[in-house]
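Oh and the sequence shown: position 110 is 110 in this note's numbering, straight run, nothing missing.
Yeah, the Cβ is synthetic: ideal placement off N, Cα and C, and Gly gets one too.
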Amino acid sequence: MTRRIAGIVRLIAGLGLAVTIGIQIGDRVANDAFDPWEYFSYFTIQTSLFNIVVLLAGGMLALRRSRDTPLFTTVRMATLAYAIVTAGVYNLLLRGIPSTDSFVSLSWPNEIVHVWVPLLLVIDWLVTPGRPALPWRSLWVVPIYPVAWAIYTFIRAAASGGEIYPYPFLDPATGGWISVFAYIVGLTAGLVGLGALAVLYSRRMGPPRPAGTAPLSAPGAS
1 MTRRIAGIVR LIAGLGLAVT IGIQIGDRVA NDAFDPWEYF SYFTIQTSLF
51 NIVVLLAGGM LALRRSRDTP LFTTVRMATL AYAIVTAGVY NLLLRGIPST
101 DSFVSLSWPN EIVHVWVPLL LVIDWLVTPG RPALPWRSLW VVPIYPVAWA
151 IYTFIRAAAS GGEIYPYPFL DPATGGWISV FAYIVGLTAG LVGLGALAVL
201 YSRRMGPPRP AGTAPLSAPG AS
């Protein structure tokens with residue numbers, strides 16, 4: 001895939017995802033079921049907003065530059081990990097669970113957000129040229145947002161008297177605090193592990209070293 005094609009695909013995907021989120025919000029508003037605080041507190045929605053920004057910025061970079069910047073690639077690596085975990089959690093733990101209210105939302109936006117966008121981001125990471133090799137230290141970025149989101153979620157739940165949890169596996173009333181802690185640790189480890197795989201791929205499949213150059217040697221080596 002050329003950078004130009006990748007840029008166009010990213011822009012179309014970013015705009016398409018933005019329209020999808022807009023339609024989902026419009027559907028809720030039309031059915032008097034839109035609570036902004038609730039809607040924008042979901043991990044899925046927040047990471048979808050990240051994906052929109054990353055796809056649009058990545059599209060512009062791909063059309064204007066021959067390589068993505070290290071900073072953008074680090075952010076892209078983190079959002080890729082979030083998207084994969086979002087897809088996994090939804091399809092393994094949440095798909096088919098009935099809604100807690102009487103509103104039944106459109107089904108296709110959920111499929112786009114939880115299946116097709118994560119799949120596109122994986123393919124984009126694997127085949128789009130111009131990605132720099134990431135250093136291993138870039139992994140520290142991955143857990144920052146999920147940990148902050150978890151802290152916010154439990155503060156919000158406490159403020160509601162323990163009645164508002166965006167996902168059932170985070171509700172201690174369902175399986176106890178040990179179960180909640182296990183989910184958080186497991187998902188965080190999974191995010192870092194996915195980030196590590198993305199970093200490894202970037203290092204193995206990064207741009208080749210220019211001809212005539214030698215690997216860096218340790219100081220004093222002959």
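Can you tell me whether Ala218 is buried or exposed, with buried defined as 16 or more other CB within 10 angstroms of its CB? One-based indexing of the sequence shown puts residue 218 at position 218. With a pLDDT of 38 at Ala218, under the threshold of 50, the modelled position of this residue cannot be trusted, and the question is left open.
With the cut-off set at 8 Å, would you say Leu63 and Arg4 are in Cβ contact? On the sequence shown, residue 63 is found 63 positions in, with the first residue counted as 1. On the sequence shown, residue 4 is found 4 positions in, with the first residue counted as 1. Yes.
Compare the beta carbon distance of Val113 and Ser48 with 8 Å and say whether it is the shorter of the two. Counting from 1 along the sequence shown, the entry for residue 113 is found at position 113. Counting from 1 along the sequence shown, the entry for residue 48 is found at position 48. Cβ distance < 8 Å, so Val113 and Ser48 count as in contact.
Measure the alpha-carbon distance for Gly7 versus Arg65 and round it to whole angstroms. Residue 7 sits at position 7 when you count from the first residue of the sequence shown. Residue 65 sits at position 65 when you count from the first residue of the sequence shown. The alpha-carbon atoms of Gly7 and Arg65 are separated by roughly 10 Å.
Looking at Val199: is its Cβ nearer than 8 Å to the Cβ of Ser107? The count along the sequence shown starts at 1 and reaches residue 199 at position 199. The count along the sequence shown starts at 1 and reaches residue 107 at position 107. Result no, Cβ atoms of Val199 and Ser107 do not sit closer than 8 Å.
Answer yes if the stretch 32 to 39 comes into contact with the stretch 68 to 75, meaning at least three C-beta pairs across the two stretches below 8 Å, and no otherwise. They do not touch, by the three-pair rule.
C-alpha distance - Ala196 paired with Val9, whole-angstrom precision: Here the question's residue 196 lines up with position 196 in the sequence shown. Here the question's residue 9 lines up with position 9 in the sequence shown. Whole-angstrom Cα-Cα distance: 25 Å.
Please classify Val104: does DSSP put it in a helix, a strand, or coil? In the sequence shown, the residue the question calls residue 104 occupies position 104. Coil, per DSSP.
Is Gly186 buried or exposed, if buried means 16 or more other CB atoms sit within 10 Å of its CB? If you number the sequence shown from 1, residue 186 lands on position 186. Counting Cβ neighbours within 10 Å, Gly186 comes out exposed, since fewer than 16 surround it.
What runs of the alpha helix (DSSP H), each 4 residues or longer, lie entirely inside the stretch 61 to 139? Complete alpha helix (DSSP H) runs here, min 4: 70 to 89, 108 to 111 and 117 to 127.
For Trp136 and Ile12, the rounded distance between their alpha carbons: As a first step, residue 12 is located in the sequence shown; it is residue number 12 there, counting from the start. As a first step, residue 136 is located in the sequence shown; it is residue number 136 there, counting from the start. When the Cα atoms are used, Ile12 and Trp136 turn out to be separated by approximately 31 Å.
Can you tell me the Cα-Cα spacing of Val127 and Ser202, whole angstroms? Indexing the sequence shown from 1 puts residue 127 at position 127. Indexing the sequence shown from 1 puts residue 202 at position 202. Taking the CA atoms as reference points, Val127 sits about 11 Å from Ser202.
List, from N- to C-terminal side, the alpha helix (DSSP H) runs of 4 residues or more that fit wholly inside the stretch 19 to 68. Listed in chain order, the complete alpha helix (DSSP H) runs (minimum 4 residues) inside the stretch 19 to 68 are 36 to 39 and 43 to 64.
Sequence-distant residues of its chain with Cβ nearer than 8 Å to Trp235 (five each side left out): Nothing about residue 235 can be reported from this structure: the residues present for the chain run from 1 to 222 only.
Is Gly176 helix, strand or coil by DSSP? Within the sequence shown, the letter at position 176 stands for residue 176. Assigned with DSSP and collapsed to three states, Gly176 falls in helix.
Considering just the uninterrupted stretch of the alpha helix (DSSP H) at Thr153, what are its terminal residues? Looking up residue 153 in the sequence shown gives position 153. For Thr153, the enclosing alpha helix (DSSP H) stretches over residues Ile144 to Ala159.
Buried versus exposed call for Asn51 [16 or more other C-beta atoms within 10 Å across all chains shown]: In the sequence shown, residue 51 corresponds to position 51, counting from 1. Counting the other Cβ atoms within 10 Å of the Cβ of Asn51 gives 16 or more, which makes it buried.
Check Val188 in the structure and name its three-state DSSP category. On the sequence shown, residue 188 is found 188 positions in, with the first residue counted as 1. Reading the sequence as shown, one finds Thr at residue 188 and not Val. In the three-state scheme derived from DSSP, where H, G and I count as helix and E and B as strand, Thr188 is classed as helix.
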